[in-house]
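Participant:
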Amino acid sequence: MQEYLQFAEAISDEIRVIADFIHAHPELGFEEFQAADKIAAFLERHGFAVTRQAAGIATAFRADMKLNDADNAPRVCVCGEYDALPGLGHGCGHNLIAAAGLSAAWIAAKYAEKHHLDLNLCFMGTPAEEGKGGKVKMIKGGAFADVAMAVMAHPSERTETDSGGLGVARARISFHGKASHAGSAPERGINALDAMVFFYADMLEWKKAIGTRERVHGIITNGGDAPNIIPDLTQAFFYVRAATTPAIDKLKKALDESVRRGAEKAGCRYDIEWDEGTAPILVNRPINLEYQAAWRDMGEDIPLCNGDERCGSTDMGNVTQIMPGAHVRFAISDGEPCPGHSIAFREAAAGSAGFANAIKAGAAMARILIHYSQDQSFRTAVNADFHQRRHK
24 MQEYLQFAEA
34 ISDEIRVIAD
44 FIHAHPELGF
54 EEFQAADKIA
64 AFLERHGFAV
74 TRQAAGIATA
84 FRADMKLNDA
94 DNAPRVCVCG
104 EYDALPGLGH
114 GCGHNLIAAA
124 GLSAAWIAAK
134 YAEKHHLDLN
144 LCFMGTPAEE
154 GKGGKVKMIK
164 GGAFADVAMA
174 VMAHPSERTE
184 TDSGGLGVAR
194 ARISFHGKAS
204 HAGSAPERGI
214 NALDAMVFFY
224 ADMLEWKKAI
234 GTRERVHGII
244 TNGGDAPNII
254 PDLTQAFFYV
264 RAATTPAIDK
274 LKKALDESVR
284 RGAEKAGCRY
294 DIEWDEGTAP
304 ILVNRPINLE
314 YQAAWRDMGE
324 DIPLCNGDER
334 CGSTDMGNVT
344 QIMPGAHVRF
354 AISDGEPCPG
364 HSIAFREAAA
374 GSAGFANAIK
384 AGAAMARILI
394 HYSQDQSFRT
404 AVNADFHQRR
414 HK
């Protein structure tokens, strides 16, 4: 592991400049032009062949490195994210995800070059993770079609192996009634707010019985225009989350039924539009064990997670559904409480402790990439675990 860390130290300062720039210039999903350009330019300077606008997405790119007889090696991939949150900037630390990914790609390339290894490596620049499914669109556009395995690292309150994640589907709900004066002619109206209230109350009843790793949550985005007008339109935005695709489908059906019953009870029409959502993460135990071992070799014992600890969602889940992969974690601070999507997390994403751990996570991922590429027994174990979980 010492050799990986030596490579990490050699590139750390250059990557820090990029991470700090991205943090200081937050860009929302599919608008990350400056971040994508900075990351791609770094990779080009260091010998990667960059394809911009990957899968037809303006801020997506792919950077490939082939060393020696690369066609004899499986293509391994590290993903980088760089989008920010509305109103909160890098409150999810995606600038550090980019840093960890760049560290992994550069270290793996340098290690393979020094040891004359066959390496087929790519860095996938993946925009718009925050609620827009950038990786889902890149998968559909063929960007991952020739990739054998992919990893990425996300900042968190502690360093740990991949702790899983729920799949999510999002529904935009509309109830259509008939407007009328609420004081002088309420009988001439059809109250779309009544439909919304009936729907919400119906949903709360069955929500009491859902599983411990199932979630239903949302907001009313439009409750009407004025108190003296019977609302002819009300709208809501809801998420359902679960650990398996069948469980997500079950929750979607239940929410659909609550919407239907609410509309019928109020005499309204309704629309419900589901997005394509993101899939649950398929945790890979051999990759988790290797990530844990790498940190142990760097002097730190980290938890080995089972994959059922997290209830958030990410489009990396879709990647792990089609190939072996991992969404590992590194500590963003020295132990202070620091929940994600917070001001404290945003501030920590610009700090030295989080950056140092991002670089170490990159070194650990580089070792995983090299081992998968070069070690047939490790590759077989990783692939077998993926296929076993995929077909459960």
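Quick note: to get the working numbering, add 23 to the position in the sequence shown (first position is 1). From the three backbone atoms N, C-alpha and C, an ideal C-beta is built for every residue, glycine too.
Indicate the three-state DSSP secondary structure (helix, strand or coil) for Asp36 in the structure shown.
Facilitator: helix
Participant: Gly187 to Arg308, Cα distance in whole Å?
Facilitator: Gly187 and Arg308 have their C-alpha atoms some 11 Å from each other.
Participant: Pull up the distance between the alpha-carbon of Ala373 and that of His46, whole angstroms please.
Facilitator: A straight line joining the alpha-carbon of Ala373 with that of His46 spans about 7 Å.
Participant: Rounded to whole angstroms, what is the Cα-Cα separation between Asp248 and Val239?
Facilitator: 27 Å
Participant: How do the segment 320-339 and the segment 185-199 stand: do at least 3 beta-carbon pairs fall below 8 Å, yes or no?
Facilitator: yes
Participant: Output the boundary residues of the alpha helix (DSSP H) element that contains Glu357.
Facilitator: Checking the displayed sequence, the identity of residue 357 turns out to be Asp instead of Glu. Premise fails: Asp357 is in no alpha helix (DSSP H) and is neither H nor E.
Participant: Report all residues from its chain with a CB closer than 6 Å to the CB of Ser203; omit the five preceding and five following residues, and keep chain order.
Facilitator: Arg211, Gly212, Ile253
Participant: Taking Cβ positions, are Ala404 and Tyr314 nearer each other than 8 Å?
Facilitator: no
Participant: Could you check the C-alpha separation between Tyr27 and Ala389 for me, to the nearest Å?
Facilitator: 8 Å
Participant: Out of curiosity, what's the CA-to-CA distance linking Phe198 and Arg98?
Facilitator: 49 Å
Participant: Around the Cβ of Thr182, are there at least 16 other Cβ atoms within 10 angstroms (buried) or fewer (exposed)?
Facilitator: buried
Participant: Look at the Cβ atom of Thr257, then the Cβ atom of Ile243, and state whether they are nearer than 8 Å.
Facilitator: yes
Participant: Between the Cα of Ala259 and those of Ala194, Glu180, Ala176, Ala64, spot the shortest distance and give me the residue it belongs to.
Facilitator: Ala194
Participant: Considering only the beta carbon of each residue, do Ala122 and Ile38 sit closer than 8 Å?
Facilitator: yes
Participant: Hey, could you find the ends of the alpha helix (DSSP H) Val342 is sitting in?
Facilitator: 339-345
Participant: Please classify Arg264: does DSSP put it in a helix, a strand, or coil?
Facilitator: strand
Participant: So the candidates are Asp36, Pro250, Ala83, Ser396; which of them puts its Cα closest to the Cα of Gly206?
Facilitator: Pro250
Participant: Can you name the start and end residues of the beta strand (DSSP E) that Val239 belongs to?
Facilitator: First-last of the beta strand (DSSP E) with Val239: 238-245.
Participant: On the three-state DSSP scale, how would you describe Val73?
Facilitator: strand
Participant: Can you tell me where the alpha helix (DSSP H) holding Lys89 begins and where it ends?
Facilitator: For Lys89, no alpha helix (DSSP H) run applies; the uninterrupted beta strand (DSSP E) run containing it begins and ends at 84-90, by DSSP.
Participant: Assign Tyr27 to one of three DSSP states: helix, strand, or coil.
Facilitator: helix
Participant: Between Met88 and the rest of its own chain, which residues show a CB-CB distance below 6 Å, the 5 nearest in sequence each way excluded?
Facilitator: Phe71, Ala132, Leu144
Participant: In chain order, what residues of the same chain lie with their CB nearer than 7 Å to the CB of Asp92, ignoring the 5 residues before and after it?
Facilitator: Asp141
Participant: One question on the structure: do Asn311 and Cys328 come within less than 8 Å of each other, judged by their Cβ atoms?
Facilitator: Going by C-beta atoms, Asn311 is nearer than 8 Å to Cys328.
Participant: Helix, strand or coil: how does DSSP classify Tyr105 here?
Facilitator: Residue state, collapsed to three classes: coil.
Participant: Which of helix, strand or coil does DSSP assign to Ser179?
Facilitator: strand
Participant: Gly148 and Phe56 look like a contact to me (Cβ under 8 Å); what is the Cβ gap, rounded to whole Å?
Facilitator: Actually they do not touch by this definition, with Cβ atoms about 12 Å apart.
Participant: According to DSSP, is Thr403 helix, strand or coil?
Facilitator: Correct three-state label for Thr403: helix.
Participant: At the 8 Å Cβ level, is Gly358 part of the contact set with chain C, yes or no?
Facilitator: Absent from the structure is chain C; it holds one protein chain and no more.
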